[in-house]
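Undergrad: Let me give you the structure first, and then I'll get to my questions.
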Amino acid sequence: MDVPDTVATALGDRPVAGRRCLEAGAGVGNATAGLLANGAARVYAVTNDRDHARTTRRRVADSGGDGSDRGNDADRLAVLEADLRSVPLPDGSIDLITAHGLCNVLDPAALSTVAEELSRVAAPGAHLVVDDYDPLPDGAAIGELFAVENAASELARCRPALSFYPAAFLRRFFAGHGWEFERERTLLEPVPWTESHVSAHADEAASMAAECPGEAGDTLSETARRLTTEIGSESVGRMYSLALQRPG
Ligand SMILES: C[S@@+](CC[C@H](N)C(=O)[O-])C[C@H]1O[C@@H](n2cnc3c(N)ncnc32)[C@H](O)[C@@H]1O
Numbered sequence: 083m084d085v086p087d088t089v090a091t092a093l094g095d096r097p098v099a100g101r102r103c104l105e106a107g108a109g110v111g112n113a114t115a116g117l118l119a120n121g122a123a124r125v126y127a128v129t130n131d132r133d134h135a136r137t138t139r140r141r142v143a144d145s146g147g148d149g150s151d152r153g154n155d156a157d158r159l160a161v162l163e164a165d166l167r168s169v170p171l172p173d174g175s176i177d178l179i180t181a182h183g184l185c186n187v188l189d190p191a192a193l194s195t196v197a198e199e200l201s202r203v204a205a206p207g208a209h210l211v212v213d214d215y216d217p218l219p220d221g222a223a224i225g226e227l228f229a230v231e232n233a234a235s236e237l238a239r240c241r242p243a244l245s246f247y248p249a250a251f252l253r254r255f256f257a258g259h260g261w262e263f264e265r266e267r268t269l270l271e272p273v274p275w276t277e278s279h280v281s282a283h284a285d286e287a288a289s290m291a292a293e294c295p296g297e298a299g300d301t302l303s304e305t306a307r308r309l310t311t312e313i314g315s316e317s318v319g320r321m322y323s324l325a326l327q328r329p330g
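Heads up: the sequence shown begins at 83 in the working numbering, then just goes up one per residue.
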């Protein structure tokens, strides 16, 4: 199974082998792939998106195993379609949690509740890996597209689609939930926002704009399309990895 370099770097100095792991916000299962490849005893991949749950299951099933005595990848994986604000796992049942690219899709209220839940399921001495993006610098063209996406989301759903939390913020935020900071490293700088990232965000902006009342939706949709063409792709910003640990 392909493990992206960002995930491999973030997990490289973490104790994964033989541990009970949780990928919080499974997406297409990138961190799940890394955790299985690094010998996790069990991986719970949690997402609230049915397509993401299906993709993660299929990705692991299609890969089989690596022939080691750890057992089949699929046998070590449980994909849970659930809300991270109410994680369906018992207190203290997880040794290592990854939040790879999760926090930027959580608004502050959701981030707060999710952090409480991740802290609840963490066993004493558990590890937490938070990989995310610093806020974009002023003048980043893709920042305009994200602003349009957020405007459409605010009008349609009364909350932002994307919130980029500085590394220093999340470090102190999780410290406030009882996690001890261990290290920070840079995963990507600059971040290569490819044409497919740009058009995926434009599609997301357009779909939320379609839910907006009045002419605002049409204007936001047109602006998202125009920006997609103007931006193409852009390399800007930083993706970081924070590692924290719960007291033993
Ligand atoms: C950007 S993707 C994360 C990428 C993924 N970790 C990876 O490495 O491929 C964010 C994921 O978090 C999920 N998510 C966002 N909010 C959630 C919530 N409240 N409960 C469960 N999943 C959530 C999304 O559905 C999506 O699967």
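For every residue, glycine included, the Cβ atom is placed at its ideal position computed from N, Cα and C.
1) Let me know the secondary structure DSSP gives Phe251 once reduced to three states.
2) Answer yes or no: the CB of Val187 versus the heavy atoms of ligand 1, is any distance below 7 Å?
3) Quick check: the Cα distance between Ala233 and Leu184, rounded to an integer number of angstroms?
4) Below 8 Å, how does it come out for the segment 226 to 246 and the segment 286 to 295: are there three or more Cβ pairs, yes or no?
5) For Asp157, count neighbouring Cβ atoms within 10 angstroms of its own Cβ and tell me buried if that reaches 16, exposed if not.
6) Quick check: the segment 301 to 318 against the segment 252 to 259, are there 3 or more CB pairs under 8 Å?
7) If we count Cβ pairs, one from each stretch, closer than 8 Å, do we get three or more for the segment 95 to 110 versus the segment 170 to 188?
8) How big is the Cα-Cα spacing for Ile224 and Ile313?
9) Rounded to whole angstroms, how far is the Cβ of Val89 from the Cβ of Gly116, which I believe are closer than 8 Å?
10) Excluding the 5 residues preceding and the 5 following Val280 in the sequence, name in chain order all residues of the same chain whose CB lies nearer than 6 Å to its CB.
11) Does the segment 205 to 224 come within contact of the segment 259 to 276, defined as at least 3 CB pairs closer than 8 Å?
12) Sorry if obvious, but does the Cβ on Gly94 come closer than 7 Å to a heavy atom of ligand 1?
13) Between Met321 and Gly330, what straight-line distance do the alpha-carbon atoms span, to the nearest angstrom?
14) Sorted by chain position, which residues of the same chain lie with C-beta nearer than 6 Å to Val58's C-beta, five sequence neighbours on each side aside?
15) Can you look up Phe228 in the DSSP assignment and give me helix, strand or coil?
16) So which of Leu326, Ser245, Arg265 has the shortest CA-CA distance to Gly258?
17) With respect to the beta strand (DSSP E) encompassing Met83, which residues constitute its N-terminal and C-terminal limits?
18) What is the residue span of the alpha helix (DSSP H) that Arg140 lies within?
19) Under 7 Å: does the beta carbon of Asp144 sit that close to some heavy atom of ligand 1?
20) Got a sec, what are the start and stop residues for the alpha helix (DSSP H) Thr305 sits in?
21) How many Å lie between Pro172 and Val203 at the Cα?
22) Measuring alpha carbon to alpha carbon, tell me which of Leu166, Val187, Glu277, Leu218 ends up nearest Glu198.
23) How is the beta strand (DSSP E) around Val169 delimited, first residue to last?
24) Between Leu209 and Ala92, is the Cβ-Cβ spacing less than 8 Å?
25) Mind checking which residues open and close the alpha helix (DSSP H) that includes Arg202?
26) When the Cα of Pro206 is compared with those of Ala306, Glu297, Glu262, which residue comes out closest?
TA: In short:
1) Phe251: helix per DSSP, three-state reduction.
2) Ligand 1 approaches Val187 closely enough that one of its heavy atoms is under 7 Å from the residue's Cβ.
3) About 20 Å.
4) Contact holds: three or more Cβ-Cβ distances are below 8 Å.
5) So Asp157 counts as exposed.
6) Fewer than three pairs of CB atoms, one per stretch, sit closer than 8 Å, so the segment 301 to 318 makes no contact with the segment 252 to 259.
7) The segment 95 to 110 vs the segment 170 to 188: in contact.
8) So the alpha carbons of these two residues sit roughly 7 Å apart.
9) Indeed, because the Cβ distance is near 4 Å, the residues count as touching under 8 Å.
10) Taken in chain order, the residues that qualify are Thr310, Ile313.
11) Output reads yes: the segment 259 to 276 touches the segment 205 to 224.
12) No - ligand 1 has no heavy atom lying nearer than 7 Å to the Cβ of Gly94.
13) Answer to the nearest angstrom: the Cα atoms are 29 Å apart.
14) This structure cannot speak to residue 58, because the chain is shown only from 83 to 330.
15) Phe228: helix per DSSP, three-state reduction.
16) Comparing Cα positions, the closest option is Leu326.
17) No residue range can be given for Met83, since it is assigned to no beta strand (DSSP E) and is classified by DSSP as neither H nor E.
18) Bounds of the alpha helix (DSSP H) holding Arg140 are 132 to 145.
19) For Asp144, the shortest separation between its Cβ and any heavy atom of ligand 1 does not lie below 7 Å.
20) Residues 296 to 313.
21) The alpha-carbon atoms of Pro172 and Val203 are separated by roughly 6 Å.
22) Considering only alpha carbons, the answer is Leu166.
23) Val169 -> no beta strand (DSSP E), and no H or E assigned at all.
24) With the sequence shown as reference, residue 209 is identified as His, and Leu is not the correct amino acid for it. For His209 and Ala92, no; Cβs fall outside 8 Å.
25) Per DSSP, Arg202 belongs to the alpha helix (DSSP H) from 190 to 203.
26) Closest option to Pro206, judged by alpha-carbon separation, among Ala306, Glu297, Glu262: Glu262.
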